[in-house]
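Notes follow the structure.
Protein chains: 2
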Amino acid sequence: MTAEMSAQSDPDVLIRRATTDDVAGIVAMIADDQLGATRESADDLTPYLRAFEAIDADPNQVLVVADRAGELVGTLQLTIIPGLSRRGSSRGLVEAVRVAASARGSGLGTTLMDWAVQESRNRGCTLVQLTSDKARTDAHRFYTRLGFTNSHEGFKLKLS
Amino acid sequence: MTAEMSAQSDPDVLIRRATTDDVAGIVAMIADDQLGATRESADDLTPYLRAFEAIDADPNQVLVVADRAGELVGTLQLTIIPGLSRRGSSRGLVEAVRVAASARGSGLGTTLMDWAVQESRNRGCTLVQLTSDKARTDAHRFYTRLGFTNSHEGFKLKLS
Numbered sequence: 053m054t055a056e057m058s059a060q061s062d063p064d065v066l067i068r069r070a071t072t073d074d075v076a077g078i079v080a081m082i083a084d085d086q087l088g089a090t091r092e093s094a095d096d097l098t099p100y101l102r103a104f105e106a107i108d109a110d111p112n113q114v115l116v117v118a119d120r121a122g123e124l125v126g127t128l129q130l131t132i133i134p135g136l137s138r139r140g141s142s143r144g145l146v147e148a149v150r151v152a153a154s155a156r157g158s159g160l161g162t163t164l165m166d167w168a169v170q171e172s173r174n175r176g177c178t179l180v181q182l183t184s185d186k187a188r189t190d191a192h193r194f195y196t197r198l199g200f201t202n203s204h205e206g207f208k209l210k211l212s
Numbered sequence: 053m054t055a056e057m058s059a060q061s062d063p064d065v066l067i068r069r070a071t072t073d074d075v076a077g078i079v080a081m082i083a084d085d086q087l088g089a090t091r092e093s094a095d096d097l098t099p100y101l102r103a104f105e106a107i108d109a110d111p112n113q114v115l116v117v118a119d120r121a122g123e124l125v126g127t128l129q130l131t132i133i134p135g136l137s138r139r140g141s142s143r144g145l146v147e148a149v150r151v152a153a154s155a156r157g158s159g160l161g162t163t164l165m166d167w168a169v170q171e172s173r174n175r176g177c178t179l180v181q182l183t184s185d186k187a188r189t190d191a192h193r194f195y196t197r198l199g200f201t202n203s204h205e206g207f208k209l210k211l212s
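These protein sequence lines map, in sequence, to chains S and H.
Our numbering puts the first residue of the first sequence at 53, with every later residue one more than the last.
Our numbering puts the first residue of the second sequence at 53, with every later residue one more than the last.
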């Protein structure tokens, strides 16, 4: 399966599907972030483990980690969405991209995104999309460098 | 199942799951749009019917139509995405919102979006999200009126 590994710039980093054992490490990366810090509570992993089961059971979800000799240094979730638009195209949606502080500046973000784009191609997608908080201006430059076009407004509605 | 129908302002309009018989009508609505016109080719429905099968078989996809006495007057696709972020929350992603020309100005767009928000709540989502092309300024005002926050930039990468 293509999600299991991919070639990349750092030969010590393996991009692989996440397992239950990775959940605590992924949550730590999601929480270690200016916006994520207030939204997570990693003291109790129960809701995260339940969510992981739903992700792992869905063939259109691929949650991956970047594994550097057993240390988790990055993560990303790719969702494949079939649709009628664009002649019945599927699209890949990227969420929850994180690179651990210890690996920033190493090109790992690019490696993760290259993986997501390639996996989307392998699954027949004609488009990859993502949204990025308007406050994350560094991320916007990063996605633009990767060839993404900032063509859309991203709207969110929180449900209480 | 909550997707089968919903209460709404116009009692003659039923929001219901799309069936194979609706595919041609949905594609016509998707194509009848300033941006959609160049992207669709409804002469051959084969790729659309194949995509419909993939959507219909996926329990996390709900493609609905607004049916006014047998006439299709609107459509929307909702994708439920499980995730680890926000304490293991699911989110609802709305794509391919269209209201037929014959039904514009009737509040049907609001009815469709209210349906999507309610269905997302019913499925335990804590967030509903969508992207809208930066050219669709009327749509931006519409989503803002519905309570959505334009908090994100939407990036797309077309795959050749």
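Every residue gets a Cβ at the ideal spot worked out from N, C-alpha and C, and that includes glycine.
Everything numeric in this text was worked out from a predicted model, so none of it was measured.
- Glycine 199 (chain S) and aspartate 62 (chain H) have their C-alpha atoms some 44 Å from each other.
- Between glutamine 170 (chain H) and valine 65 (chain S), the alpha-carbon positions lie close to 42 Å from each other.
- For serine 212 (chain S), the closest of H:Gln129, H:Gly140, H:Pro111, H:Val180 by C-alpha to C-alpha distance is H:Val180.
- Burial is judged here by how many other beta carbons sit within 10 angstroms of a residue's own beta carbon; arginine 197 (chain H) has fewer than 16 and is exposed.
- Taking the C-beta atoms as reference points, alanine 148 (chain H) is found nearer than 7 Å to serine 137 (chain S).
- Scanning chain S for C-beta atoms nearer than 7 Å to the C-beta of glycine 157 (chain H) yields nothing, as the closest lies near 21 Å away.
- From the beta-carbon of alanine 121 (chain S), no residue of chain H is found nearer than 8 Å; the closest lies around 23 Å away.
- In terms of Cβ geometry, isoleucine 107 (chain S) and proline 134 (chain H) form a close pair [threshold 7 Å].
- By the beta-carbon neighbour count (other beta carbons within 10 angstroms, threshold 16), threonine 163 (chain S) is buried.
- For aspartate 110 (chain S) and glutamate 123 (chain S), the gap between their C-alpha atoms comes out near 26 Å.
- Taking the Cβ atoms as the reference, threonine 201 (chain S) lies roughly 7 Å from phenylalanine 207 (chain H), within the contact range of under 8 Å.
- If the five residues before and after valine 151 (chain S) are omitted, its C-beta is found closer than 6 Å to the C-beta atoms of Gly126, Leu160, Gly161, all from its own chain and listed in chain order.
- Taking the C-beta atoms as reference points, leucine 115 (chain S) is found no nearer than 7 Å to valine 146 (chain S).
- The three-state secondary structure of phenylalanine 207 (chain H), taken from DSSP, is strand.
- Rounded to the nearest angstrom, the Cβ distance from arginine 143 (chain S) to cysteine 177 (chain S) is 5 Å, consistent with a contact under 8 Å.
- Between asparagine 174 (chain H) and serine 158 (chain S), the alpha-carbon positions lie close to 42 Å from each other.
- In this structure, the alpha-carbon of serine 184 (chain H) lies about 5 Å from that of glutamate 205 (chain S).
- Out of S:Asp74, S:Tyr195, S:Ser203, S:His192, the CA that lies nearest to the CA of arginine 120 (chain S) is found in S:Asp74.
- Think of a sphere of 7 Å around the beta carbon of aspartate 185 (chain H): the chain S residues whose beta carbon falls inside it are Ser203, His204, in chain order.
- The alpha-carbon separation between valine 79 (chain H) and serine 154 (chain S) amounts to approximately 48 Å.
- In the DSSP annotation of this structure, the continuous segment of the beta strand (DSSP E) that includes arginine 150 (chain H) starts and ends at 142-151.
- Shortest Cα-Cα distance from alanine 168 (chain S) to any of S:Lys186, S:Thr71, S:Leu209, S:Ile132 involves S:Ile132.
- Annotation note: the region 153-202 of chain S contains the following uninterrupted beta strand (DSSP E) runs of length 3 or greater, listed N- to C-terminal: 177-185.
- DSSP lists H:Leu66, H:Leu124 as the bridge partner or partners of aspartate 119 (chain H).
- The beta carbon of leucine 101 (chain H) lies closer than 8 Å to those of Thr72, Val75 in the same chain, with the five residues before and after it left out.
- Secondary-structure assignment with DSSP links threonine 131 (chain S) through a beta bridge to S:Gln113, S:Leu145.
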